[in-house]
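> Dropping a structure here in structure tokens format, bear with me for questions.
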Amino acid sequence: MTTNKWTLVLADEGETLALGQKLALACSEAAVIFLHGELGAGKTTLSRGIITALGHAGKVKSPTYTLVEPYQTPAWQIYHFDLYRLADPEELEYMGIRDYFTQDSLCLIEWPERGHGMLPPADMEITLSYEGMRRMALLEACTPVGVALLEKVQA
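Quick note on numbering: the sequence shown equals residues 35 to 189 in the numbering used here.
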């Protein structure tokens, strides 16, 4: 029986990157993934794992000051958002937020709650948290696209 939620332990940065790689390899269609967690919980590390596994060879940096970093790979246009410094969700409208969500894009959005009302629904929400010295990852599928992604990651 399939559930829409899956929790796993990430012992270190390597396991966070490996989860990102599994997510990347499971992506077969456009998706919106919300990334939740406190500062330092591993959202950017997970994003780096996804982006590099999809074929980006350069550095993956946090888009904290730019709000979005685009990455073009052979199969995908990846947009990595970090909305931590967003003062007002309306700012997303001014930057043309709707243009990022296309049929060949993978959108990774850190701090999505700061863009409430301006973002499309998430296909998957991932919450990273600390439990002692280890990280926990809760993956929650929110749409049929998210369910398919979660099933592939679990396989």
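Where a beta carbon is used, it is the ideal one built from N, C-alpha and C, also for glycine.
What is the DSSP secondary structure of Thr86, counted as helix, strand or coil?
helix
> Quick one, are the C-beta atoms of Asp122 and Thr98 less than 8 Å apart?
no
> In the stretch 78-165, which residue ranges form an unbroken beta strand (DSSP E) of at least 3 residues, counting only runs that do not cross its ends?
102-106, 111-116, 139-144 and 158-165
> Out of Gly149, Leu142, Gln111 and Trp40, which has the shortest C-alpha to C-alpha gap to Met129?
Gly149
> Taking Glu165 as the reference, give the member of Leu80, Val94, Gly71 and Pro154 with the closest Cα.
Considering only Leu80, Val94, Gly71 and Pro154, the residue with the shortest C-alpha distance to Glu165 is Gly71.
> Straight-line CA distance for Leu44 to Lys56?
Leu44 and Lys56: Cα-Cα distance of roughly 13 Å.
> For Leu42, does the count of other Cβ atoms within 10 angstroms reach 16, so buried, or fall short, so exposed?
exposed
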